[in-house]
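The next block holds one structure in the form of structure tokens; read it before the comments.
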Amino acid sequence: MKKIISTNEAPAAVGPYSQAVRAGSMVFCAGQIPLDPKTAQIVSQDIGEQTRRVLDNITAVLKAEKLTFDHIVKTTIFLTDLGDFQTVNEIYATYFTQQPPARSTVQVSALPKGARVEIEAIAIAEDAPSRGGQSVGDTSG
Numbered sequence: 044m045k046k047i048i049s050t051n052e053a054p055a056a057v058g059p060y061s062q063a064v065r066a067g068s069m070v071f072c073a074g075q076i077p078l079d080p081k082t083a084q085i086v087s088q089d090i091g092e093q094t095r096r097v098l099d100n101i102t103a104v105l106k107a108e109k110l111t112f113d114h115i116v117k118t119t120i121f122l123t124d125l126g127d128f129q130t131v132n133e134i135y136a137t138y139f140t141q142q143p144p145a146r147s148t149v150q151v152s153a154l155p156k157g158a159r160v161e162i163e164a165i166a167i168a169e170d171a172p173s174r175g176g177q178s179v180g181d182t183s184g
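Last residue of the sequence shown: 184 in the numbering used here, with the numbers rising by one and none dropped.
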């Protein structure tokens, strides 16, 4: 069963999708672009400001489910210019100070509303229902 996650602290979806969806212990955050949640406008054309806004938007979506960046296990970063990689990486590192998640970074030809960066995230909530103490590799029944 899935649960739709929504908060006014992050920008509303700009299409027919949810800000995030929880399925069991997994939380799938839709890609965030650098929209100001109050104005629904791109914050600026500066890649540093855009990256911080995107990560703050992800923070708000996770907070709606009482999660933090410590719960994120995978991110994907979409950049319109891989030349921005170093700046994005430096800012990203300030949000993931310990045990960063797995990550992919790709260059794309364009992003919605002229954004230069978009980041999506997958998180695991720790209060997931127990699976009876079996690990994934335990097939003993």
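Here a beta-carbon is modelled for each residue, glycine too, at the ideal position from N, C-alpha and C.
All of these numbers come straight from a predicted model, not from anything done at the bench.
Straight-line gap, residue i to residue j (C-alpha atoms, nearest Å)
i	j	result
Phe112	Gln84	24 Å
Lys45	Phe71	11 Å
Lys156	Thr118	21 Å
Thr137	Thr50	24 Å
Leu98	Ala66	22 Å
Given residue i as reference, the closest of the options once Cα atoms are compared
i	options	result
His114	Gln62, Met69 and Ala63	Met69
Pro77	Tyr60, Val64 and Arg95	Arg95
Glu52	Pro144, Phe139, Thr140 and Thr102	Thr102
Strand pairing of residue i, partner residues [DSSP]
i	result
Glu52	Answer is none; Glu52 lacks a bridge partner.
Leu78	Ile85
Proximity below 7 Å, CB of residue i to CB of residue j
i	j	result
Leu122	Gln93	no
Asn100	Gln75	yes
Leu154	Glu163	no
Ala63	Val116	no
beta-carbon residue i near the ligand MN non-hydrogen atom, thresh 6 Å
i	result
Ile47	Only the bare structure without any ligand can be found here, which leaves the ligand MN out of the picture.
Residues near residue i by beta carbon distance below 8 Å, same chain, minus five either side
i	result
Leu110	Val70, Ala166 and Ala168
Ile120	Val131, Tyr135, Arg146, Ser147, Thr148, Val149, Val160, Glu161 and Ile162
Cβ neighbours of residue i in the same chain (closer than 6 Å, five flanking residues each side left out)
i	result
Leu125	Gln150
Beta-carbon proximity list for residue i, same chain, < 7 Å, skipping 5 on both sides
i	result
Gln177	Legend: pLDDT at Gln177 = 35, less than 50; position of this residue unreliable, no value from coordinates given.
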